[in-house]
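Everything on this sheet refers to the single structure shown next.
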Amino acid sequence: MQYKVPQFIEHELKIVGPLTFKQFIFISIAGTISLVLFFTIAETSFILWLIITSILMGTAIGLTFLQVEGFPLFIVIKKSIEFFAKPKIYIWEKKAFTPKLVLLSEPQKEVPVILTRGRTIKSAEKSRLKKLWNEIELK
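In our numbering, the protein residues as written are 26 to 164.
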């Protein structure tokens, strides 16, 4: 029995345990900032450090693991900023354009001359109906 194999599957590699590289970077940056704040603020006010660290780690965990309609929260925030930063109105400006004219002329056909008992009769083409039909269709 044959099965359809899905194509174009994008899968990020797990670098550190169950975390991808981006997830690891978010968590490690938040942890580093929290550690630096611990050595600077925690000696004077442990409660302030605890509040700042909980906000910082909550944001990092949200950016790392939350998804909105299948997209990571980081990508959604990035696309939202791009949307609000770009102008919404597109003004079309006609660019200067010099067209190149090419005239095609058909070679003139010679009308056959039929001789009949001393008189010359010019015979026309078989039918101009097809030619007229083509001209109408092209317009």
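Glycine included, each C-beta is placed from N, C-alpha and C at the ideal position.
Reduced DSSP category for residue i - H, G, I as helix; E, B as strand; rest coil
i           : result
residue 129 : coil
residue 63  : helix
residue 9   : For residue 9 there is no data in the structure shown, the boundaries of the chain being 26 and 164.
Run of the beta strand (DSSP E) containing residue i, from where it starts to where it stops
i          : result
residue 39 : 39–41
Separation of residue j from residue i, as counted between CA atoms
i           : j           : result
residue 129 : residue 163 : 16 Å
residue 56  : residue 28  : 45 Å
residue 42  : residue 119 : 56 Å
residue 69  : residue 33  : 54 Å
residue 62  : residue 86  : 18 Å
residue 54  : residue 64  : 16 Å
residue 109 : residue 101 : 12 Å
residue 156 : residue 117 : 40 Å
Host alpha helix (DSSP H) of residue i (start-end)
i           : result
residue 98  : 98–110
residue 90  : 71–90
residue 162 : 154–163
Same chain, Cβ closer than 6 Å to residue i, five either side skipped, listed in chain order
i          : result
residue 82 : 55
Close beta carbons around residue i, own chain, < 8 Å, minus the five adjacent residues each side
i          : result
residue 67 : 74
residue 38 : 45 and 46
Would the region 42–55 and the region 81–95 be scored as touching if the rule is three or more Cβ pairs under 8 Å?
-> yes
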